[in-house]
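Novice: Quick one: this structure, given as structure tokens, is what I'll be asking you about.
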Amino acid sequence: MSHMSYTTFRDEEYNNLGWNLVYFASMIFGVLWVCDADKWSSPLQKLSLKFLGVLFGGCFGTSMVVLADSYPYGPICLFIVLFPAYLLFIYEVFLTHVMSARVFMGVIPKPLMAMSGCLVVVWLAWVNLFGPNNRAPTSSSVQKMLYSEAIGCPETPDRVISADMTDDYEYCTEAFLMWVFPVAMALSIMAYGMLGYYLDEDAEHSLPKNLGSAVIFLLFLAWCTTSISIGATGITTAFGMIVIALLFAIFIMIIGTYGVQAGGEQARGFAKEMDIRYGAIADWFKGFAIISMWPFALIYFGVSFVNQSVRKLNLNFSYPLGPEDKNLLLTKVVTSQIESGKKWEWTSVLYKGMIICELGMVMSVIVSKYTQVALSLLIGACRAVFLDNSDCASTRSFDQDRWDDADFWGNYEGNVPPESEYGSEYDESYKNSEGQDQVTAWATGTDIFRTCESKPIGFLVVMFIVMCVGLFLFLLPPVPGVPIYVTGGIILIATGTQYDNYPGKASDGNLFDASTENGYSGFLSIGESIAWCFVMSLSLKLFACTCQQMGFGYMLKQSVAVRQAVGVNTHMIRTTKIILRRPGLDVAKVAILVGGPDWPTSVLCGIVGLDLLPVLFGTIPVSILIFPTILAGTFLYIGSLQHIDESGGVSLSFPWARTFTAVMLTVAAGVQTGSMFVAAYYLERAVNESGDELEAMPFDEEVERADALAKSKEIRYYEVRSWVRLPTFGRVILLIQVFLMTICGYLSMMLSGSCFREFEVTNVVETDLRPIAQCDWGRSQSEFLYYDGQSVATRDIDGIKAGNKFPVIDGSISQFTIGTTAGGGQRCGYGDIMLYCYVISTVLFIVFGKYCSYLVAEDIKVNPLPDVVLDEHGRVVETTDGQVASAEAGAAADAAAAAAAAAVVGAAVLGP
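Using UniProt numbering, the first residue of the sequence shown is number 1, and each one after it goes up by one.
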């Protein structure tokens, strides 16, 4: 059953309708703001407010539905944002006079949990009991076809688009997101139930008290986004946008809970408790907020100016101005906020914000995107090794007798005469659309893994390469383990099995048997290959942990600077040490070892002196993460297998496998997130319960002395580089790097599709990263024509019908970013601008740090640091006048150091 993708053929005006509705809704919101809608009290004003509110909600909701084709995660995010607003609406309308908002929050967890469970049960019943068409969307699924018709699935540039586009749903991750929408609803409802638990009146459930765990958990989600990006770009984008929507929704729920109560007493108590608990690290939050949101702050100031101007007109629907307010340029509230901001230590705020943004760029761009290209090159290298050790090795030099063998071709074509598909002669005169002869075309791409009979030596050599590269990646601190497992699931399965369906009929091959129907045998069956890959991946993980703990951690623990950087004397690290030293295995210990990324977790174990064998034994449960990740790579490989169908065209042999790739990655992310959440919970609980054990644990005197000196130096550092003392040169450098980092962040997060090409580990650099010949910005997204011998633009149907031809040019890594193209210098994206901004900002960041260190060193020469005195317990004694005078600032610096150590542990429970 064929269908036509409406995204391709719909009018441009309809494509812009969604964005026009967004703009109109924004205008309504702006009008309500500048006209002080919260003051409207007359019947006509209340009626107008309700009408505009309904109009705003209708426009915004409709826009999310209309834009679902381009942003399939939009409806999910819309539900996530609107559901807490719906809960607060129910409270405001029906329950305000019955109970307080916090009592209401204590009531909703159980009903929401029950609702979430019922929704999952109903969805599972719908999938499994009401016909096969409701199951996971596949090429034969009516549901996926309908979803594809509704949203318009994009075509990938690695295939020629068919005229009627009947097969575009095979590549449609968006359809999967629509199919799984009820599950996303259930999970978000469950999350709100948990949030209500922390917003109730029970002091033990205090949100500020548990905010540390919440922040670490959100960092876990960000790490999950980076981890799964290696296997499914669409799922990664959706996952990241859902996290952002969840953050926004949590903000709505917190503000709604505390803001709806008269007097705001509990809100002030909340703010006070937050300041007590997290005031020492407030600059980190401020810095990140300023760097990421200052463009919106300018808009906020502009709206405030308009609002103040309207108030000066003294209209009956706006707030009246007092005599002292009439001379203000902005509203009184915004003016007071600006005055409060002037008291900030802006050097500390901006510099710490830059640190967070630098780490974010490393994870979201360098690791998340370029690791895919590196692993694709690894697959290419393994393909070459496999070719040299297989029965296809002779194809490197033309073997006329072999290619004239009718029996050989008959095995693959179901005894169809070779002339029907490949021409009358098999010689060097045969050329395909890319100018390749038959031998070269046959040996190019991943087909070599599934058309050549493998030998054990080829499999073993490839396995050795994968193990070496995987170990190297494991030893890099920012690289998560998920990409390594996915790549192993692709390469080791491909080299260990034999698949002879291309070219041929779909029934010719049997993936679950080492021997196929035609008698060709692989080294292993697919089940044996998966088992072998699992053993190798687990062994690689344990060996990498051994190298990290004994090679890095044990050796580096002799360095006072390293132990100080880890924070071995901080409360959080000492608590982690207590948990990891417990005999046997418990949930907390396993959660830390399994949920932690390899480098920070294992190196920390070595530094604190833990025994190797118990750590390795406690790491074995990571198998529950490795196995679904390997299956994701396996399905990714199986989903790329093709065969010649009955009509003579090329079709996917196992289109359902692509769906299960997304399913397995989602399962892996769920396991990873669950282990992280459990680790955060037990760390928080252990911090509150291990007081006596912590008192008995001795402190590291060398680190304590170094911490005291560092504290004194840090105080001096803050004094010297403070905004009032910082020279103009330092201020200019700091402001420039903040400006460039903001541009870089917005381009990479909001315009990622205009900065980077779509690329997965199964793609090939030479064919999938060819230069762009033309681009067209006149449609909903940029359209590309590549130098590849034919028109394969994402949606350029006219170019295909016109038969546009372009020269064959091999791709390169430099083409991964979209910028000024090789086709006449036409700009198609902003990838080059983003990278330039990132590099320049990073260089200025380093220069600024060196410059501040120079200023501090010069100041210390004039005013030396005070001496450090320790008591009999190895703790610092504040005796000198300078130390006494700086006691309060020292406490704040110590809290900041503890927070930094907590961040290390937070990274240590992010995910392998």
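Note that CB positions come from ideal geometry on N, CA and C, so glycine has one too.
Can you tell me whether V587 is buried or exposed? The criterion is at least 16 other CB atoms within 10 Å of its CB, across all chains shown.
Specialist: As a first step, residue 587 must be located in the sequence shown, where it is residue number 587. Answer is exposed; the Cβ neighbour count stays below 16.
Novice: In the DSSP assignment, what are the bridge partners of I108?
Specialist: Start at 1 with the first residue of the sequence shown, and residue 108 comes out as number 108. Note: I108 sits in no beta bridge, so no partner.
Novice: Quick check on this structure: which residue in V183, V98 and Q558 has the alpha carbon closest to the alpha carbon of G117?
Specialist: To locate residue 117, count along the sequence shown from 1; it is residue 117. Closest by alpha carbon: V183.
Novice: Compute the Euclidean distance between the alpha carbons of N583 and E339, then round it to the nearest angstrom.
Specialist: In the sequence shown, counting from the first residue as 1, residue 583 sits at position 583. In the sequence shown, counting from the first residue as 1, residue 339 sits at position 339. Residue identity differs from the one stated: residue 583 is Pro in this sequence, not Asn. Looking at the two C-alpha atoms, the distance is approximately 55 Å.
Novice: Quick one: any contact between the stretch 735-752 and the stretch 593-611, if contact means 3 or more CB pairs under 8 Å?
Specialist: Cβ pair count under 8 Å is below three, so no.
Novice: Nearest CA to the CA of L21: which residue from M293, D36, L67 and Y319?
Specialist: Translated into positions along the sequence shown, residue 21 becomes position 21. When each option's Cα is compared against that of L21, the closest is L67.
Novice: So for T226, helix, strand or coil by DSSP?
Specialist: The sequence position of residue 226 within the sequence shown is 226, counting from 1. Its pLDDT being 43, under 50, T226 is placed unreliably by the model, and the measurement read from it follows with that caveat. DSSP places T226 in helix when its eight states are reduced to three.
Novice: With a threshold of 16 other CB atoms inside 10 Å of the CB of A632, please say whether the residue is buried or exposed.
Specialist: For the purposes of this step, residue 632 is identified with residue 632 of the sequence shown, where counting begins at 1. Buried: at least 16 other Cβ atoms inside 10 Å.
Novice: Quick check on this structure: which residue in R563, I624, Y637 and F635 has the alpha carbon closest to the alpha carbon of L604?
Specialist: On the sequence shown, position 604 is the one that residue 604 refers to. Among R563, I624, Y637 and F635, the Cα nearest to that of L604 belongs to R563.
Novice: Among V34, Y197 and V333, which has the Cα closest to the Cα of A101?
Specialist: Your numbering for residue 101 matches position 101 in the sequence shown. Closest option to A101, Cα to Cα, is Y197.
Novice: CB-CB under 8 Å to C382, same chain, minus the five flanking residues each way: which ones, in chain order?
Specialist: Translated into the one-based positions of the sequence shown, residue 382 becomes position 382. Counting only Cβ-Cβ distances below 8 Å, and skipping sequence neighbours, we find V462, I465, V466, I491 and T495.
Novice: Is it true that the CB of A25 sits closer than 7 Å to the CB of F60?
Specialist: Here the question's residue 60 lines up with position 60 in the sequence shown. Here the question's residue 25 lines up with position 25 in the sequence shown. Yes.
Novice: Distance check for I626 and L538, CA to CA, integer angstroms please.
Specialist: Indexing the sequence shown from 1 puts residue 538 at position 538. Indexing the sequence shown from 1 puts residue 626 at position 626. Their Cα atoms are separated by approximately 7 Å.
Novice: Entirely within the stretch 42-66 and at least 4 residues each: give me those alpha helix (DSSP H) ranges in chain order.
Specialist: List check, alpha helix (DSSP H) in window: 43-66.
Novice: In its own chain, which residues sit with a C-beta less than 8 Å from the C-beta of V703, not counting the 5 before and 5 after it?
Specialist: If you number the sequence shown from 1, residue 703 lands on position 703. If we look at V703 and ignore the five residues flanking it on each side, its Cβ neighbours are V560, R563, Q564, V568 and N569.
Novice: Would you call the CB atoms of G747 and G811 closer than 7 Å?
Specialist: Locating residue 747 in the sequence shown gives position 747, counting from the first residue. Locating residue 811 in the sequence shown gives position 811, counting from the first residue. Inspection of the sequence shows that residue 747 is occupied by Leu rather than by Gly. Contact flag unset, no.
Novice: Taking all protein chains shown into account, do 16 or more other C-beta atoms lie within 10 angstroms of the C-beta of W599, making it buried, or fewer, making it exposed?
Specialist: Here residue 599 refers to the residue found at position 599 when the sequence shown is read from its first residue. The residue in question, W599, is buried, as its Cβ has 16 or more Cβ neighbours within 10 Å.
Novice: Could you give the DSSP three-state label for T817: helix, strand or coil?
Specialist: Here the question's residue 817 lines up with position 817 in the sequence shown. Three-state result, T817: strand.
Novice: Indicate the three-state DSSP secondary structure (helix, strand or coil) for F83 in the structure shown.
Specialist: Translated into positions along the sequence shown, residue 83 becomes position 83. Three-state result, F83: helix.
Novice: Looking at the structure shown, is R757 part of a helix, part of a strand, or coil, going by DSSP?
Specialist: Walking along the sequence shown from the start, residue 757 turns up at place 757. Coil.
Novice: Give the straight-line distance between the Cα atoms of Y838 and I356, rounded to the nearest whole angstrom.
Specialist: Taking the sequence shown and counting its residues from 1, one reaches residue 838 at position 838. Taking the sequence shown and counting its residues from 1, one reaches residue 356 at position 356. If you take the alpha carbons of Y838 and I356, they lie about 14 Å apart.
Novice: What three-state label does DSSP hand R311 in the structure shown?
Specialist: In the sequence shown, counting from the first residue as 1, residue 311 sits at position 311. The answer is helix: DSSP assigns R311 an H, G or I state.
Novice: Using 7 Å as the threshold, is the C-beta distance between G489 and L540 below it?
Specialist: Walking along the sequence shown from the start, residue 489 turns up at place 489. Walking along the sequence shown from the start, residue 540 turns up at place 540. No, these two residues do not count as a Cβ contact at 7 Å.
Novice: Which term fits V333, buried or exposed, when burial requires 16 or more other beta carbons within 10 angstroms of its beta carbon?
Specialist: Translated into the one-based positions of the sequence shown, residue 333 becomes position 333. With fewer than 16 other Cβ atoms within 10 Å, it is exposed.
Novice: Among the candidates C828, S602, C852 and L612, whose CA atom is the shortest distance from the CA of I715?
Specialist: Against the sequence shown, residue 715 aligns to sequence position 715. Closest option to I715, Cα to Cα, is C852.
Novice: Determine the contact status of G353 and F288, defining contact as a CB-CB distance below 7 Å.
Specialist: Mapped onto the sequence shown, residue 353 falls at position 353. Mapped onto the sequence shown, residue 288 falls at position 288. Yes, the Cβ-Cβ distance between G353 and F288 is below 7 Å.
Novice: For a test of the three-state rule: what should DSSP assign to V856, helix, strand or coil?
Specialist: Here residue 856 refers to the residue found at position 856 of the sequence shown. V856 falls in the helix class under three-state DSSP.
Novice: Using 8 Å as the cut-off, can you tell me whether the stretch 24-44 makes contact with the stretch 304-323, which would need three or more C-beta pairs spanning the two stretches below that distance?
Specialist: As far as the Cβ criterion goes, the stretch 24-44 touches the stretch 304-323, which means the pair count is three or higher.
Novice: Within a Cβ cutoff of 7 Å, which residues of the same chain sit near G831, ignoring the five residues on either side of it in sequence?
Specialist: Residue mapping note: residue 831 aligns to position 831 of the sequence shown, counting from 1. Excluding positions up to five away in sequence, the list reads C755, F756, T817, I818 and G819.
Novice: DSSP three-state call for Q558: helix, strand or coil?
Specialist: As a working note, residue 558 is residue 558 in the sequence shown. Note: Q558 maps to coil in three-state DSSP.
Novice: Under a three-way DSSP split, which group does H571 fall into?
Specialist: Counted from its first residue, the sequence shown places residue 571 at position 571. In this structure, H571 counts as helix in the three-state DSSP scheme.
Novice: Given a cut-off of 7 Å, decide if E693 and I578 are closer than it, judged by their beta-carbon atoms.
Specialist: Within the sequence shown, numbered from 1, the residue matching residue 578 stands at position 578. Within the sequence shown, numbered from 1, the residue matching residue 693 stands at position 693. Closer than 7 Å, so yes.
Novice: With H, G and I counted as helix, E and B as strand and the rest as coil, what does DSSP make of P864?
Specialist: Translated into positions along the sequence shown, residue 864 becomes position 864. Correct three-state label for P864: coil.
Novice: Judging by CA-CA distance, which residue of M27, A186 and S42 is the nearest neighbour of C77?
Specialist: Here the question's residue 77 lines up with position 77 in the sequence shown. Comparing Cα positions, the closest option is A186.
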